[in-house]
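Data block below; observations after.
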Amino acid sequence: MKCESIMRPKVSVALATYNGEKYIEEQLESIIKQTRAPDELVICDDCSNDETINIITKKIKNAHFDVKLVSNDKNIGYVQNFSKALEMSSGDIVFLCDQDDVWLSDKIEFIINKFNTRPDIQLLIHDVDYCKEDLTPIGQTKLQRMESNFDIESDYVVGMATAVRRSFLVHCLPVPSAPEVTHDKWLHDCARVLGCKGIVREVLALYRRHSLNVTAPSRLNVDFVTTRHYFGNESLAFLKLFRMETDLGSPDISPLVQWLDSRKMVLLDNGFSSEDRINTFIQYEEKRLRARNSRQSILRLDRWKRLFPIYDLYRSGGYHYYCGWKSALKDLLRTYA
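In this text, residue positions in the sequence shown follow the working numbering: the first is 8, and each later residue adds one.
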């Protein structure tokens with residue numbers, strides 16, 4: 008029975024919806040037509056005021072798998088809506104699903120086969136084809152766009168391209184309600200710091216770009232082909248500077264460190280990582296936190312008093328956790344808020 012569970016795991020799809028009437032039917036159709044059908048589809052709707060629920064209700068009549076459809080009593084936001092859908096999912100493997108994309112027909116089958124051959128991997132993410140609103144591919148995948156300018160391991164995060172083992176997922180939920188924490192980034196960070204994230208280079212979904220996407224404002228997700236010169240040298244620098252700005256106003260302990268501290272023994276007991284790896288990350292975060300606190304203290308000084316403290320912090324490596332001399336210069340010039 009245990010062997011059968013490994014080779015034929017129960018599959019859940021966790022779908023979060025909100026006013027998705029325009030595209031939800033195509034997404035559902037692509038799930039129904041999978042060569043390896045899911046065993047359950049969990050849909051959490053966050054108080055849609057359009058035809059989303061009616062479209063879903065009609066469409067799932069043709070489904071040959073269990074469907075759980077839950078409508079929230081009040082709007083809780085897309086992060087917590089996803090967290091709720093994930094918590095309700097009972098499958099051995101849980102696929103995250105947005106309301107406006109389209110899966111290729113062999114997506115579930117392909118990912119399950121990958122999980123079966125990689126017992127050490129707890130979270131998998133595949134590549135996606137960027138598409139126009141009408142699903143016309145633009146001729147570039149997300150990994151192709153990112154590989155020259157970004158740190159793929161940490162920066163390649165796409166919820167709708169993610170699947171995770173429930174045995175690992177249960178230890179990551181609920182998703183923390185904290186600034187800058189999204190459901191997909193949270194799961195990826197948890198897997199990445201433990202060394203159990205895997206990246207699949209195959210394209211298994213059409214990634215629709217339109218004006219209502221949650222990620223629409225991002226330059227990374229434009230609906231035209233980009234070259235490395237589109238980002239230039241700014242991509243990594245921009246990400247670091249962005250993190251710097253949010254980091255200076257973040258809690259004294261990051262949600263990720265809190266999670267590792269509170270779940271360390273159970274993570275080790277389940278073989279998700281090594282104690283050395285966890286301790287190394289926690290030590291890194293503690294050093295980064297000390298550097299952040301030093302920067303906050305520096306920014307409270309008058310500009311003319313900042314030069315020597317900034318120099319000392321730079322010389323001691325404190326700006327290594329941010330953007331080096333660019334961050335130091337920024338601290339010298341900017342006003343503390």
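Glycine included, C-beta positions come from ideal geometry on N, C-alpha and C. Note that the structure is a prediction, hence the values are computed from the model and not measured.
DSSP three-state assignment for residue i, whether helix, strand or coil
| i | result |
| --- | --- |
| G325 | helix |
| K294 | helix |
| Y214 | strand |
| E116 | helix |
| K29 | coil |
| F122 | helix |
| K204 | strand |
| A23 | strand |
| S78 | strand |
| G278 | coil |
| L180 | coil |
| T64 | helix |
| F102 | strand |
| V164 | coil |
| E94 | helix |
| L308 | coil |
| R172 | strand |
Contact set for residue i: own chain, Cβ-Cβ below 6 Å, skip 5 residues either direction
| i | result |
| --- | --- |
| D196 | L263 |
| F288 | V200 |
| F379 | There is simply no residue 379 to check, as the chain begins at 8 and stops at 344 in what is shown. |
| N79 | D53 and C54 |
| S16 | The sequence given here has Pro at residue 16, not Ser. Closer than 6 Å at Cβ, skipping near neighbours: D99 and I100. |
| L248 | With a pLDDT of only 45 at L248, under 50, the local geometry of the prediction cannot be trusted, and the value read off the model is given with reservation. So the qualifying residues of the chain are C330. |
| G349 | The structure shown does not extend to residue 349, since the chain is modelled only from 8 to 344, so the question has no answer here. |
| L48 | V20 and V74 |
Of the residues the options, the one placed nearest residue i, counting alpha carbons only
| i | options | result |
| --- | --- | --- |
| V177 | K204, E116 and L274 | L274 |
| Y291 | D113, L267, W311 and L306 | L267 |
| I206 | F122, R297, S184 and Q265 | F122 |
| S301 | Y318, I285 and I39 | Y318 |
| N26 | T124, K312 and D105 | D105 |
| I50 | N56, K40, Q41 and T24 | T24 |
| I159 | K294, K192 and Y328 | K192 |
| K204 | V182, C179 and I128 | I128 |
| G325 | W311, N69 and E293 | E293 |
| I7 | K337, S304 and G202 | The question about residue 7 has no answer, for the chain in this structure spans 8 to 344. |
Cβ separation of residue i and residue j, assumed to be a contact under 8 Å, to the nearest whole Å
| i | j | result |
| --- | --- | --- |
| L130 | A198 | 4 Å |
| V18 | D46 | 5 Å |
| T31 | T59 | As written in the sequence, residue 31 is Ile, which differs from the Thr given in the question. Between T59 and I31 the Cβ distance is about 6 Å, and since that is below 8 Å, they are a contact. |
| E36 | I62 | Rounded, the Cβ-Cβ distance is 11 Å, inconsistent with contact. |
| I145 | C138 | 7 Å |
| L314 | L339 | 7 Å |
| F175 | F279 | 6 Å |
| Y321 | A298 | Incorrect: roughly 10 Å between the Cβ atoms, too far for contact. |
| V182 | V86 | 6 Å |
Same chain, Cβ closer than 8 Å to residue i, neighbours up to 5 away in sequence not counted
| i | result |
| --- | --- |
| L142 | E33, V109, L213 and R215 |
| I83 | D53 and K91 |
| A244 | With a pLDDT of only 48 at A244, under the threshold of 50, the placement of this residue in the model should not be trusted, and no figure is reported. |
Other residues of its chain near residue i: CB distance less than 7 Å, five sequence neighbours each side excluded
| i | result |
| --- | --- |
| K66 | E32 and L35 |
| R43 | I115, E116 and I119 |
| R295 | Y328 |
| D57 | N26 and E28 |
| V164 | D191, K192 and H195 |
| K81 | C54 |
| S161 | R199 |
heavy atom of the ligand PLP below 6 Å from residue i C-beta
| i | result |
| --- | --- |
| D73 | The ligand content of the structure shown is nil, which means the ligand PLP is not present either. |
Quick check: the segment 97 to 109 against the segment 148 to 160, are there 3 or more CB pairs under 8 Å?
no
With three or more beta-carbon pairs closer than 8 Å as the criterion, would you say the segment 108 to 124 touches the segment 208 to 218?
yes
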